Structure formats: C-alpha cells, structure tokens
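Enquirer:
Residue numbers (my numbering): 23 to 113.
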C-alpha cells in the first residue's frame, strides 16, 4: 500500500539465474483495492545468466499509481531466478 507516495522507483537486483539467451520481463501493476490488478505500463527487462554480474540491476520509475502498487514477472518454463526487489517511495 503506497497511497501516500507521489513517486516510486523499483530496483530489481538479480543474484542468480539459470536463464540463458533470453531476457525475462517484469512489469509494474496497479490496483484499486489490492485484489484486482492491471498492468501499469512500465516494463523491466531482467538480465539472463550470461550478463551477470556486470548487468545485475534494473530500475523503473512510476507516478500516478493510486493506492496499490506491485511488481510481477514471468520466467521461461523450468527456469529460476533469485532476486532482491527494492521499492523506494517518495512524497
């Protein structure tokens, strides 16, 4: 719940992954109630294992998001990724 904030920045740091030769995506979602979600429009291309550790962090900025904000993503089948997601909020 981030309704008090005017700006948000998502940072995603990839610690390890077995994804190769593909760039998985994550995207920002917003919600009016925290239960029903829709894509906000911002998308992050996450690095694959070939590009780690040189390119291990990505970010995106979001404004006008209402009360509820989250990051979702999808990986190719039978792959995994360990990440840290930082969400910084500013009034």
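All C-beta atoms in this analysis are idealised placements derived from N, C-alpha and C, irrespective of residue type, glycine included.
Bear in mind that the values here come from a model prediction, so they are computed numbers and not experimental data.
In this structure, does DSSP put residue 71 in helix, strand or coil?
Expert: If DSSP states are grouped into helix, strand and coil, residue 71 belongs with the helices.
Enquirer: Roughly how many whole angstroms lie between the Cα atoms of residue 89 and residue 66?
Expert: Near 21 Å, if we compare the C-alpha coordinates of residue 66 and residue 89.
Enquirer: Would you kindly check if the distance between the Cβ of residue 80 and the Cβ of residue 34 is under 8 Å?
Expert: In contact: residue 34 and residue 80 (Cβ atoms closer than 8 Å).
Enquirer: Which class does residue 53 belong to by DSSP, given the choice of helix, strand or coil?
Expert: Here residue 53 sits in strand by DSSP.
Enquirer: Return the residue from the list 103, 84 and 112 that minimises the CA-CA distance to residue 42.
Expert: For residue 42, the nearest C-alpha among the options comes from 103.
Enquirer: Run through the DSSP bridge pairs and tell me what residue 41 is partnered with.
Expert: In DSSP, residue 41 forms no bridge with anything.
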